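Here is the structure we will look at, set down as structure tokens.
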Amino acid sequence: MEYEAIIGLEVHVQLKTQTKLFCGCPIEYGALPNSRVCPICLGLPGALPSPNKQAIILTIQTGLMLGSEIASRGKFDRKNYFYPDMPKNYQISQYDQPLCKGGAVQLYPLAFPKDAQKDPQAQSRKKIRLVRIHLEEDVGKSFHFEDYSGIDFNRAGTPLMEIVSEADIRSPEEAFAYLTALRQILRYGNVSDCDMEKGQLRCDVNVSVKPIGEEKWGTKCEIKNLNSISAVRKALKYEIQRQIHTLQLGGEISQETLRWDDLKGQTFPMRTKEYAHDYRYFPDPDLLTILTEGELIEEAQKRIPELPEEKKQRLSQSYGLTEYQASVLAADPQLADYFEKAAAQSANKVSVANFLINDYLAVASESETTIPIPPEYFSELSNLVDQGKLHMKQAKEIVKLMVTEKKSPTLIVQEKGLGQITSLDTLDAICQEAIEANPKSVADYRSGKTAAINAIKGYVMKKTKGQANPQIVHELLEKKLNALG
Amino acid sequence: MNLFEYTISELRRLLRRKELSPTEVTEALFSRIAEVEPKINAYNYLNHERAIERAKTVHVDLPLGGIPIAIKDNINVRAEPCRCASKILEGYLAPYNATVIEKLTKAGAILVGRTNMDEFAMGSSTENSATGLTKNPWDLQRVPGGSSGGSAAAVASHEAFCALGSDTGGSIRQPASFCGCVGLKPTYGRVSRYGLTAFASSLDQIGPLTKTVEDAALLLEVISGFDPNDNTSEKMPVPRFSELLETLSLKNMVLGVPKEYFIEGIDGEVREAINKAIAHFESLGAKIEEVSLPHTPYAVATYYILATAEASANLARFDGIRYGRRAKHYEDLLDYYGKTRDEGFGSEVKRRILLGTYVLSSGYYDAYYLRALKVKEKIKQDFSSVFKKCQALLTPTSPFCAFRIGEKSNDPLQMYLADIFTIAVNLAGICGLSIPCGQSTEGLPIGLQIIGPAWKEEVILAIGHLYQKSTGWKPPIPPLGKNVIE
Numbered sequence: 001m002e003y004e005a006i007i008g009l010e011v012h013v014q015l016k017t018q019t020k021l022f023c024g025c026p027i028e029y030g031a032l033p034n035s036r037v038c039p040i041c042l043g044l045p046g047a048l049p050s051p052n053k054q055a056i057i058l059t060i061q062t063g064l065m066l067g068s069e070i071a072s073r074g075k076f077d078r079k080n081y082f083y084p085d086m087p088k089n090y091q092i093s094q095y096d097q098p099l100c101k102g103g104a105v106q107l108y109p110l111a112f113p114k115d116a117q118k119d120p121q122a123q124s125r126k127k128i129r130l131v132r133i134h135l136e137e138d139v140g141k142s143f144h145f146e147d148y149s150g151i152d153f154n155r156a157g158t159p160l161m162e163i164v165s166e167a168d169i170r171s172p173e174e175a176f177a178y179l180t181a182l183r184q185i186l187r188y189g190n191v192s193d194c195d196m197e198k199g200q201l202r203c204d205v206n207v208s209v210k211p212i213g214e215e216k217w218g219t220k221c222e223i224k225n226l227n228s229i230s231a232v233r234k235a236l237k238y239e240i241q242r243q244i245h246t247l248q249l250g251g252e253i254s255q256e257t258l259r260w261d262d263l264k265g266q267t268f269p270m271r272t273k274e275y276a277h278d279y280r281y282f283p284d285p286d287l288l289t290i291l292t293e294g295e296l297i298e299e300a301q302k303r304i305p306e307l308p309e310e311k312k313q314r315l316s317q318s319y320g321l322t323e324y325q326a327s328v329l330a331a332d333p334q335l336a337d338y339f340e341k342a343a344a345q346s347a348n349k350v351s352v353a354n355f356l357i358n359d360y361l362a363v364a365s366e367s368e369t370t371i372p373i374p375p376e377y378f379s380e381l382s383n384l385v386d387q388g389k390l391h392m393k394q395a396k397e398i399v400k401l402m403v404t405e406k407k408s409p410t411l412i413v414q415e416k417g418l419g420q421i422t423s424l425d426t427l428d429a430i431c432q433e434a435i436e437a438n439p440k441s442v443a444d445y446r447s448g449k450t451a452a453i454n455a456i457k458g459y460v461m462k463k464t465k466g467q468a469n470p471q472i473v474h475e476l477l478e479k480k481l482n483a484l485g
Numbered sequence: 001m002n003l004f005e006y007t008i009s010e011l012r013r014l015l016r017r018k019e020l021s022p023t024e025v026t027e028a029l030f031s032r033i034a035e036v037e038p039k040i041n042a043y044n045y046l047n048h049e050r051a052i053e054r055a056k057t058v059h060v061d062l063p064l065g066g067i068p069i070a071i072k073d074n075i076n077v078r079a080e081p082c083r084c085a086s087k088i089l090e091g092y093l094a095p096y097n098a099t100v101i102e103k104l105t106k107a108g109a110i111l112v113g114r115t116n117m118d119e120f121a122m123g124s125s126t127e128n129s130a131t132g133l134t135k136n137p138w139d140l141q142r143v144p145g146g147s148s149g150g151s152a153a154a155v156a157s158h159e160a161f162c163a164l165g166s167d168t169g170g171s172i173r174q175p176a177s178f179c180g181c182v183g184l185k186p187t188y189g190r191v192s193r194y195g196l197t198a199f200a201s202s203l204d205q206i207g208p209l210t211k212t213v214e215d216a217a218l219l220l221e222v223i224s225g226f227d228p229n230d231n232t233s234e235k236m237p238v239p240r241f242s243e244l245l246e247t248l249s250l251k252n253m254v255l256g257v258p259k260e261y262f263i264e265g266i267d268g269e270v271r272e273a274i275n276k277a278i279a280h281f282e283s284l285g286a287k288i289e290e291v292s293l294p295h296t297p298y299a300v301a302t303y304y305i306l307a308t309a310e311a312s313a314n315l316a317r318f319d320g321i322r323y324g325r326r327a328k329h330y331e332d333l334l335d336y337y338g339k340t341r342d343e344g345f346g347s348e349v350k351r352r353i354l355l356g357t358y359v360l361s362s363g364y365y366d367a368y369y370l371r372a373l374k375v376k377e378k379i380k381q382d383f384s385s386v387f388k389k390c391q392a393l394l395t396p397t398s399p400f401c402a403f404r405i406g407e408k409s410n411d412p413l414q415m416y417l418a419d420i421f422t423i424a425v426n427l428a429g430i431c432g433l434s435i436p437c438g439q440s441t442e443g444l445p446i447g448l449q450i451i452g453p454a455w456k457e458e459v460i461l462a463i464g465h466l467y468q469k470s471t472g473w474k475p476p477i478p479p480l481g482k483n484v485i486e
């Protein structure tokens, strides 16, 4: 029997604000434990929350970027449960009136894992619909030592946006692509850095399976707190197989919350006891209704950049780039901006794109965001090639030198004595010398072995340290050899 | 006249004229406390040393320069205990000041100590306190009311010139009425709640307990105003309440008497005293009109649903993990939470947490919490339509005078009815003032409640002030001597 899977994702995104959601404490990763806290984020008796406008604006902005409907009124609710790292034993979240409803994330081939980019699934440009986006506060972090535990509340009160997808995802690869595409948009909007190592993007996945052709989906399991996109893929792969295997053996899937052990490559139940959660949500009486219309929505709208899909389209149309080139550039808005500056003064935009994608990225892969050399260098370089002053192999070398020496390509060419010899007089003399120095090859050529010209050409190239324009040399030699008659 | 008998306005005059020094005032108060406190037990904590230090440096020309004030034990003062009269906050020292404390300090007030209360402000008698009973200065066998019973008793017995209390369902007005002093519950949002340990966030409001209405106006002026730290505080201008007291005339003023507040079960002497007060206003030129607040009968039930729901969440933070008292013997985390809270909370607090947890539980939310929210709106509408016809309402503050210690403490429902006339004001978010308006044959104070529309404190204060001036009111000295429970 063939099975299929259905997957839904809840993504928690740490918003890029200076301060926490309900107080003025700075958000700082890796600070000394409990050094970025105040009575409000510690939930001390009497302390009251004051909402961070920036966090609300960023959430609305995300909704607008993803095509959500923005609620005109939002409110905060209390979600009640006891947990040691939760200062108030309730979390301020949004229950029945989230800031954003609906919306979608479009998948594109390059968002899929490399090994799946050619699959029909990756080519289908599917849209994953969203249920909602809401804003909530993060909790602290527990640390367990040998015979005691400690809690760091620095993270408590950090604004988290929760993005809940519909169960539109059908494979671990789609889940991977969804997260990649989503992360790209969030970074684009400067809403979050989505640094998974710093826990800025965490997700819970829900997955169930059913035999193909059957109507009813099986029991759903939730895998909590996955902290990398590849872990999501791996965990889903494992879990889908586990569920199918269990069913094939006649077993039953019990509804449980699982955790993923990346080292063991397995999911494990998180809680042994099954117990129904009753969060007893109710409107937080300390916080007023959020009225989004007016200032908040206007501010959010101002922040919306050109989105990846639009950028891709525009780059390929206005610069004549291939879809691949446009995608790679659009994946990094800073790189795309850089490209546009570099291409502005270049006669051959495609060649600038190629230098950036094929050569520059390879050299400068460690410096992710900043490009230390002025964009004009790339236009200069592509123009030198275009004018026949450099050949491709030399140009590729020069990209490396531009990065290490931070000099313009013209200067590098001058200093290194690079550049092509195109002067007919100079080349004519060297070609003449080559013919005289290689009588055997000349004889071979004349006897019909035309490939022998390469040896004579090799002499010229060697003599000119590779700087001779091979095209011109070839033409000159042919002319001379044929003229020997 | 003893120094401790002065009102704030009298003290202010004398201090500014340098006829008195803040140190003299403070010392006089502490010797009164030393004399009376063993009988009353109004305070949970006193800081003589800190008060004297402060008295030495404070500027007397500030609005409350050199005036000592007592603070209810649920308002946070930096480096002082804030126990809320609960075992669970044993050992807790507040690391920050409530906004009202910042304002008082800026205004030159001297903090004397923390007054006793019902645990987490839950109760109407100050019997639910982990730090012992407070007694009514008028009859030491009786309760001072609650939950700000300590503040009311301290002011009435002249152990304090003034005090701050908090009022969630009548917790300032009812004890003021029981002890014979003045208590004001300001409009919701008028005074910042930042630093007030929450009982029911949507109803709580800090307010003054004083000897005279004039003093209440002075104190309100200082503690009011928008606070960016309290999302529910309003950006409303703060009138100079103390200067507006004399500007009001009762000519052409309509005072409403809601018929639902004169129900059966109201004490005969209370009814008589209120009627007399109403007649007095009429003689001063006010037009008295009977009005109706039809949803009044639902106020108590609505209150106990909303207040306990919020309390169940507000009190969840007291779990012994981060501060306060903790259970010593436990098996696992759940057991730890259970034992800490079982040992730390008193029975009234537990009862309300359970009730609040229940009304919010899935399946019951719509039937209780949501419905209560709707009734709250109806109650609010009742008041707004009545306030189209009249400027203020006159009612008893409590249906009866101070009851005996233990008389109602085993019957929570009876106890809940002690706030029957004050609760609707909190649900509607409007303002209410209780002033003494007579005494029972047993010598117990009777309170008159003057209810005003939102943001109209100046009106009810002026009405109350007019009453006190025209009747020649002087803060009396209660006997303190009789019926001492040892």
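As you go down the protein sequences, you meet chains A and B in turn.
Okay, so the first sequence: first residue is 1 according to full-length UniProt numbering, each after it adds one.
Okay, so the second sequence: first residue is 1 according to full-length UniProt numbering, each after it adds one.
C-beta: ideal position from N, C-alpha, C; glycine also.
None of these values were measured; they are calculated from a predicted model.
Are there 16 or more other CB atoms within 10 angstroms of the CB of A:W260, so buried, or fewer, so exposed?
As a position in the first sequence, residue 260 of chain A is number 260, starting the count at 1. With 16 or more other Cβ atoms within 10 Å, it is buried.
Beta carbon of B:A154 nearer than 7 Å to that of B:A163:
As a working note, residue 154 of chain B is residue 154 in the second sequence. As a working note, residue 163 of chain B is residue 163 in the second sequence. Result yes, Cβ atoms of B:A154 and B:A163 sit closer than 7 Å.
Does the Cβ-Cβ distance between B:N74 and B:S166 come in under 7 Å?
The residue labelled residue 74 of chain B in the question sits at position 74 within the second sequence. The residue labelled residue 166 of chain B in the question sits at position 166 within the second sequence. Yes. Within cutoff.
According to DSSP, residues forming a beta bridge with A:V207:
For this step, residue 207 of chain A is matched to residue 207 along the first sequence. According to DSSP, A:V207 bridges with A:I7, A:C221.
Does the beta-carbon distance from B:G150 to B:G123 come in below 7 Å?
If you number the second sequence from 1, residue 150 of chain B lands on position 150. If you number the second sequence from 1, residue 123 of chain B lands on position 123. No, the pair does not count as a contact, with Cβ atoms beyond the cut-off.
Output, in chain order, the set of chain A residues within a Cβ distance shorter than 7 Å of B:N229.
Translated into the one-based positions of the second sequence, residue 229 of chain B becomes position 229. Going along chain A in sequence order, the residues near B:N229 (Cβ under 7 Å) are L48, S50.
Report the option in B:G406, B:G265, B:R352 whose CA atom is closest to the CA atom of B:F421.
Numbered from 1 along the second sequence, position 421 holds the residue referred to as residue 421 of chain B. Checking every option, the nearest Cα to that of B:F421 belongs to B:G265.
Run through DSSP, which three-state label would A:T450 get?
Counting from one through the first sequence, the residue named residue 450 of chain A turns up at place 450. Here A:T450 sits in helix by DSSP.
Contacts around B:K389, its chain only, beta-carbon distance under 8 Å, and the 5 residues preceding and following it disregarded:
As a working mapping, residue 389 of chain B is identified with position 389 in the second sequence. Excluding sequence neighbours, B:K389 sits near V254, G256, E289, V291.
Could you tell me how far apart the beta carbons of A:D284 and B:T232 are, in whole angstroms, since I believe they sit closer than 8 Å?
Against the first sequence, residue 284 of chain A aligns to sequence position 284. Against the second sequence, residue 232 of chain B aligns to sequence position 232. That pair is no contact at about 10 Å.
Chain B residues whose Cβ lies nearer than 7 Å to that of A:G43
As a first step, residue 43 of chain A is located in the first sequence; it is residue number 43 there, counting from the start. Residues of chain B passing the Cβ test: R317.
Throw me the rounded Cβ distance for the B:L394 and B:F241 pair, which I believe falls under 8 Å.
For this step, residue 394 of chain B is matched to residue 394 along the second sequence. For this step, residue 241 of chain B is matched to residue 241 along the second sequence. Contact doesn't hold; Cβ gap of about 20 Å is too wide.
The segment 64-93 of chain B: positions lying closer than 7 Å to chain A by Cβ:
N76, C82
Does the beta-carbon distance from A:Y90 to A:N80 come in below 7 Å?
The count along the first sequence starts at 1 and reaches residue 90 of chain A at position 90. The count along the first sequence starts at 1 and reaches residue 80 of chain A at position 80. In this structure, A:N80 lies closer than 7 Å to A:Y90 by Cβ.
Shorter than 7 Å from the beta carbon of B:I321 to some beta carbon of chain A?
Residue numbering aside, residue 321 of chain B sits at position 321 when the second sequence is read from its first letter. Chain A contact via Cβ: present.
Host alpha helix (DSSP H) of residue 491 of chain B (start-end):
Because chain B here runs from 1 to 486, residue 491 of chain B falls outside it and cannot be looked at.
Give me, in chain order, the residues of the same chain whose beta-carbon lies closer than 8 Å to that of A:E415; leave out the 5 immediate sequence neighbours on both sides.
For the purposes of this step, residue 415 of chain A is identified with residue 415 of the first sequence, where counting begins at 1. Correct list, in chain order: K407.
Measuring only between beta-carbons, confirm whether A:P285 sits less than 7 Å from chain B.
Here residue 285 of chain A refers to the residue found at position 285 of the first sequence. It does: the Cβ of A:P285 has a partner Cβ on chain B nearer than 7 Å.
Quick check on A:H12: does DSSP put it in helix, strand or coil?
For the purposes of this step, residue 12 of chain A is taken as residue 12 along the first sequence, with counting starting at 1. Correct three-state label for A:H12: strand.
Where does B:E260 fall in DSSP's three states?
In the second sequence, residue 260 of chain B corresponds to position 260, counting from 1. Three-state result, B:E260: helix.
Mapping the DSSP letters down to three states, classify B:Q468 as helix, strand or coil.
As a working mapping, residue 468 of chain B is identified with position 468 in the second sequence. Helix, per DSSP.
List the residues of chain B that A:F282 touches, going by C-beta distances under 7 Å, in chain order.
Here residue 282 of chain A refers to the residue found at position 282 when the first sequence is read from its first residue. Result: A309, L360, Y369.
With a cut-off of 8 Å, do at least 3 Cβ pairs link the segment 133-144 of chain B to the segment 447-463 of chain B?
no
How about B:S125 and B:E269: are their beta carbons less than 7 Å apart?
Translated into positions along the second sequence, residue 125 of chain B becomes position 125. Translated into positions along the second sequence, residue 269 of chain B becomes position 269. In this structure, B:E269 does not lie closer than 7 Å to B:S125 by Cβ.
Interfacial residues, the segment 185-199 of chain B to chain A, with Cβ spacing under 8 Å
R193, Y194, G195, L196, T197, A198
Return no unless some Cβ of chain B is closer than 7 Å to the Cβ of A:R78.
Walking along the first sequence from the start, residue 78 of chain A turns up at place 78. So, interface residue.
For B:G356, count the other beta carbons within 10 Å of its own beta carbon; 16 or more makes it buried, fewer makes it exposed. Which is it?
In the second sequence, residue 356 of chain B corresponds to position 356, counting from 1. Buried is the call here.
Beta strand (DSSP E) segment containing B:S233, residue limits
On the second sequence, residue 233 of chain B is found 233 positions in, with the first residue counted as 1. Run containing B:S233: none; DSSP gives neither H nor E here.
Run down chain A in chain order and give the residues with a C-beta less than 8 Å from the C-beta of B:S202.
On the second sequence, position 202 is the one that residue 202 of chain B refers to. The contacting residues are P285.
Can you tell me where the beta strand (DSSP E) with A:M161 in it begins and where it stops?
Numbered from its first residue, the first sequence carries residue 161 of chain A at position 161. Unbroken beta strand (DSSP E) run through A:M161: 159-165.
For a contact meaning CB atoms closer than 8 Å, what does B:P95 contact in chain A?
Along the second sequence, one-based indexing puts residue 95 of chain B at 95. Ordered by position in chain A, the residues that pass the 8 Å Cβ test against B:P95 are P39, L44.
Quick one: which chain B residues come within Cβ less than 9 Å of A:K88?
Translated into positions along the first sequence, residue 88 of chain A becomes position 88. Per Cβ cutoff of 9 Å: A313, N314, A316, R317.
Residue range of the unbroken alpha helix (DSSP H) whose run includes B:S22:
Locating residue 22 of chain B in the second sequence gives position 22, counting from the first residue. The identity of residue 22 of chain B in the sequence shown is Pro, whereas the question assumes Ser. Unbroken alpha helix (DSSP H) run through B:P22: 22-40.
Give the secondary structure of A:A104 by DSSP, where H, G and I count as helix, E and B as strand, and everything else as coil.
Here residue 104 of chain A is taken as the residue at index 104 of the first sequence, counted from 1. Residue state, collapsed to three classes: strand.
Excluding sequence positions up to five away, which residues of its chain have a Cβ less than 6 Å from the Cβ of A:T272?
Numbered from 1 along the first sequence, position 272 holds the residue referred to as residue 272 of chain A. In this predicted model, A:T272 has a pLDDT of only 48, less than 50, meaning its place in the structure is not dependable; the value taken from the coordinates is given anyway. There are no such residues.
Interface residues of chain A around B:L333 at Cβ under 8 Å?
Walking along the second sequence from the start, residue 333 of chain B turns up at place 333. Those within 8 Å of B:L333 in chain A are P84.
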